[in-house]
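Heads up: the sequence shown is residues 3 to 411, going by the working numbering. The structure appears right after this line, and notes come after that.
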Amino acid sequence: MTNKQAAIKIIKRLSRDGFQALLAGGCVRDMLLGRRAHDFDVATDAAPADVVKIFKRTLKVGAKFGVVIVLVEGKQIEVATFRTETGYVDGRHPGRVKFAGAAEDAGRRDFTINGMFYDPLRREVIDYVDGQADLEKQIVRTIGKPAERFGEDYLRMLRAVRFSTQLGFAIEPGTFSAICSNAKKIARISGERIAIELEGVLVNPNRSAGVSMLVKSGLAEAIFPGLPFRQMKLAIKVLSQLRKKVDFALALASLFSGCEAEFALEKCRILKLSRSQNKHLKFLLTNRGKLLDDRMSLAKLKMILAEPYFWDLYELQRAIEKARPNGRGGIAALGRLRKRIKALGDVELRPKPLLNGHDLIRLGAVPGPGLGQLAEEMYIAQLEGKLQTARQARQWAQKWLQKHRMIEK
Ligand code: ATP
Ligand code: MG
3 MTNKQAAIKI
13 IKRLSRDGFQ
23 ALLAGGCVRD
33 MLLGRRAHDF
43 DVATDAAPAD
53 VVKIFKRTLK
63 VGAKFGVVIV
73 LVEGKQIEVA
83 TFRTETGYVD
93 GRHPGRVKFA
103 GAAEDAGRRD
113 FTINGMFYDP
123 LRREVIDYVD
133 GQADLEKQIV
143 RTIGKPAERF
153 GEDYLRMLRA
163 VRFSTQLGFA
173 IEPGTFSAIC
183 SNAKKIARIS
193 GERIAIELEG
203 VLVNPNRSAG
213 VSMLVKSGLA
223 EAIFPGLPFR
233 QMKLAIKVLS
243 QLRKKVDFAL
253 ALASLFSGCE
263 AEFALEKCRI
273 LKLSRSQNKH
283 LKFLLTNRGK
293 LLDDRMSLAK
303 LKMILAEPYF
313 WDLYELQRAI
323 EKARPNGRGG
333 IAALGRLRKR
343 IKALGDVELR
353 PKPLLNGHDL
363 IRLGAVPGPG
373 LGQLAEEMYI
383 AQLEGKLQTA
393 RQARQWAQKW
403 LQKHRMIEK
């Protein structure tokens, strides 16, 4: 059973009990556009208590706000009671939620293209907000006065850019100008919520258009204060050179490609990235430029090649060189590096060291920092292919110890 079939099953059941139930929001927009929708949300005049009673398996995560998750054959469908949201405080949360009818529920939604319903039983679109006309025109427009709607929830400004990027729609001029005049206020929204929408912009193939809008509207500067405007022209070019499918971290590294790593990491702290995303981003930012040295030693090459994000670093550097006016030398260097990598075949990049610490102590090495240095230099010689057997490694280590006078008497 697909998500859509699960949602329709729920709608049929609610209708049988005399309730109005409709598909709502993003899935209606995507169906009308002929795009694949991921979530199929249901909106209904049944109260959360009714929904919980009717369906066997439910999660009452947001029942207070009118949202119940219904589980049908392993699918989770959001069933929300028609509501109005009023008394917004601090541009973030509605103060009061009141259950209402479908038309009012449409009116609380953010954009006209997101404000439609679909009745799958009668096969009709229910459109109180002229969403279909804006879908035709391919524009993102707030429902109601943009300044008011953004004043209720500042995140909607960033969502406008996200939908515009994902759908390739323009932002209606009145809506865009309200974003420009309110952009600064996005900083009052939590970093996690900003990160979700920003990720939507940056991982989309249309990301460079999205970032242009973020820069032009002032949202980019508001999210990352001090972001050098001059560098953004290059960043937008780098973003446009990336392959279609990228991770958030690679896109962020591209956005900050003209900035110092430390500055960029500091700016990204507000996004509250996960540990692995942070590691990924840090690796990309701090290793920029290294792959342009295509004649690096074999050991260095093997070590960096064994890094989990190596190919993202390669992709980032390729995009940077493509975006730079004098990047031809860099592209050529990357090409040569790629050939070297290919020639390595599937050689083991991080083989086990030929000798371990105990072996080295047995040879007379004194435990301590000197031992660490010996182990490291020996491992590099091994990666370089200069040492192939344990016997060779022992001889090499003994010479090293004599040279450094580290043998225990
Ligand atoms: P996607 O396909 O990317 O999930 P979506 O339209 O489903 O897009 P969601 O963020 O999942 O977007 O939200 C579902 C629906 O809830 C939206 O279509 C919109 O009608 C409404 N909505 C979500 N966030 C807001 C908001 N901040 N203000 C007003 N309405 C909102
Ligand atoms: Mg959705």
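The beta carbon of each residue, even a glycine, is placed where N, CA and C say it ideally should be.
- Only counting runs of 4 or more residues, tell me where the alpha helix (DSSP H) segments fall wholly within the stretch 158 to 188, in order along the chain. If we require 4 residues or more, the alpha helix (DSSP H) runs fully inside the stretch 158 to 188 come out as 175 to 184.
- Simplified DSSP assignment, three categories, for L357: To locate residue 357, count along the sequence shown from 1; it is residue 355. Three-state result, L357: coil.
- Between G27 and G109, is the Cβ-Cβ spacing less than 9 angstroms? Within the sequence shown, residue 27 is the residue found at index 25, counting from 1. Within the sequence shown, residue 109 is the residue found at index 107, counting from 1. No, these two residues do not count as a Cβ contact at 9 angstroms.
- Query: Taking C-beta to C-beta, are Q140 and F171 nearer than 9 angstroms?
  - Reply: Translated into positions along the sequence shown, residue 140 becomes position 138. Translated into positions along the sequence shown, residue 171 becomes position 169. Yes. Within cutoff.
- Item | Backbone secondary structure at E154 - three-state DSSP | In the sequence shown, the residue the question calls residue 154 occupies position 152. Looking at E154 - three-state DSSP - the assignment turns out to be helix.
- Query: Quick one, what's near the ligand MG if you take every residue whose CB is closer than 5 angstroms to any heavy atom, in chain order?
  - Reply: G28, D41
- Message: Which same chain residues end up closer than 6 angstroms to E384 when comparing Cβ atoms and leaving out the 5 residues on each side of it in sequence?
- Response: As a working mapping, residue 384 is identified with position 382 in the sequence shown. A small correction: the amino acid at residue 384 is Gln; Glu does not occupy that position in the sequence shown. Same-chain partners within the cutoff: L356.
- Message: Can you tell me whether D136 sits near the ligand ATP, meaning its C-beta is under 8 angstroms from at least one heavy atom of the ligand?
- Response: Looking up residue 136 in the sequence shown gives position 134. No, since every heavy atom of the ligand ATP falls outside the 8 angstroms radius drawn around the Cβ of D136.
- Taking the alpha helix (DSSP H) that V63 falls in, what are its first and last residues? Numbered from 1 along the sequence shown, position 61 holds the residue referred to as residue 63. Here V63 belongs to no alpha helix (DSSP H); instead the beta strand (DSSP E) covers 60 to 64.
- Quick one, which of F119, V74, R271, L293 has its alpha-carbon nearest G337's? Sequence index remark: in the sequence shown, residue 337 carries index 335 (1-based). Comparing Cα positions, the closest option is L293.
- Message: DSSP has Q384 in a bridge; who is on the other side?
- Response: As a working mapping, residue 384 is identified with position 382 in the sequence shown. None, per the DSSP bridge assignment.
- Item | Rounded C-alpha distance that separates E379 from K354 | Walking along the sequence shown from the start, residue 379 turns up at place 377. Walking along the sequence shown from the start, residue 354 turns up at place 352. Using only the alpha carbons, I get a separation of about 14 angstroms.
- Item | Spatial distance of L61 from G36 (CA atoms) | Mapped onto the sequence shown, residue 61 falls at position 59. Mapped onto the sequence shown, residue 36 falls at position 34. Taking the straight line from one Cα to the other gives about 31 angstroms.
- Beta-carbon gap between L257 and L204 smaller than 9 angstroms: Numbered from 1 along the sequence shown, position 255 holds the residue referred to as residue 257. Numbered from 1 along the sequence shown, position 202 holds the residue referred to as residue 204. Closer than 9 angstroms, so yes.
- Task: Thinking M33 and Y120 are a contact (beta carbons under 8 angstroms), I'd like their distance in whole angstroms, please.
- Result: As a first step, residue 33 is located in the sequence shown; it is residue number 31 there, counting from the start. As a first step, residue 120 is located in the sequence shown; it is residue number 118 there, counting from the start. The Cβ separation is near 7 angstroms, so the contact holds.
- To the nearest whole angstrom, what separates the beta carbons of D19 and I56, a pair I think is in contact under 8 angstroms? The residue labelled residue 19 in the question sits at position 17 within the sequence shown. The residue labelled residue 56 in the question sits at position 54 within the sequence shown. Contact holds; Cβ gap of about 6 angstroms.
- Taking 8 angstroms as the cut-off, does the CB of D32 come closer than this to any heavy atom belonging to the ligand ATP? In the sequence shown, the residue the question calls residue 32 occupies position 30. Yes, the ligand ATP has a heavy atom inside 8 angstroms of this Cβ.
- Name the two residues that bound the continuous alpha helix (DSSP H) containing Q140. Taking the sequence shown and counting its residues from 1, the one referred to as residue 140 is at position 138. Where Q140 is concerned, there is no enclosing alpha helix (DSSP H), given that its DSSP letter is neither H nor E.
- Message: Let's test the definition: count the other Cβ atoms within 10 Å of the Cβ of E268 and tell me whether it reaches 16, buried, or not, exposed.
- Response: Here the question's residue 268 lines up with position 266 in the sequence shown. Burial call: exposed.
- May I ask which residues mark the beginning and end of the beta strand (DSSP E) holding R85? One-based indexing of the sequence shown puts residue 85 at position 83. From DSSP, the beta strand (DSSP E) with R85 extends over 85 to 88.
- Ordered list of beta strand (DSSP E) runs contained in the stretch 199 to 247, each at least 3 residues: none
- Query: Regarding N328 and the ligand ATP, is the C-beta to nearest heavy atom distance less than 8 angstroms?
  - Reply: For this step, residue 328 is matched to residue 326 along the sequence shown. Answer for N328: no, Cβ out of range of the ligand ATP.
- Message: Between D92 and R190, how many whole angstroms is the CB-CB distance? I'm expecting something under 8 angstroms.
- Response: For the purposes of this step, residue 92 is identified with residue 90 of the sequence shown, where counting begins at 1. For the purposes of this step, residue 190 is identified with residue 188 of the sequence shown, where counting begins at 1. Right, their Cβ atoms sit about 7 angstroms apart.
- Item | Residue range of the unbroken alpha helix (DSSP H) whose run includes A104 | Taking the first residue of the sequence shown as 1, we reach residue 104 at position 102. Element bounds for A104: 104 to 110.
- Taking 8 angstroms as the line, does the beta carbon of N116 fall inside it for any heavy atom of the ligand ATP? Here residue 116 corresponds to residue number 114 of the sequence shown, with the count starting at 1. Within the cutoff, so yes.
- Item | Same chain only: Cβ atoms within 7 angstroms of P369, ignoring 5 sequence neighbours per side | As a working note, residue 369 is residue 367 in the sequence shown. Around P369: I363.
- Applying the criterion that 16 or more other CB atoms from any shown protein chain within 10 Å of the CB defines a buried residue, is R407 buried or exposed? Here residue 407 is taken as the residue at index 405 of the sequence shown, counted from 1. So R407 ends up on the exposed side.
- Query: By a C-beta neighbour count over all protein chains shown, 10 Å radius and 16 as the cutoff for buried, is N184 buried or exposed?
  - Reply: As a first step, residue 184 must be located in the sequence shown, where it is residue number 182. Buried, by the Cβ-count rule.
- Can you tell me where the alpha helix (DSSP H) with I115 in it begins and where it stops? Numbered from its first residue, the sequence shown carries residue 115 at position 113. It is not in any alpha helix (DSSP H) - I115 carries neither H nor E in the DSSP assignment.
- Task: Measuring alpha carbon to alpha carbon, tell me which of V72, V349, A65, A266 ends up nearest R85.
- Result: Along the sequence shown, one-based indexing puts residue 85 at 83. Closest by alpha carbon: A65.
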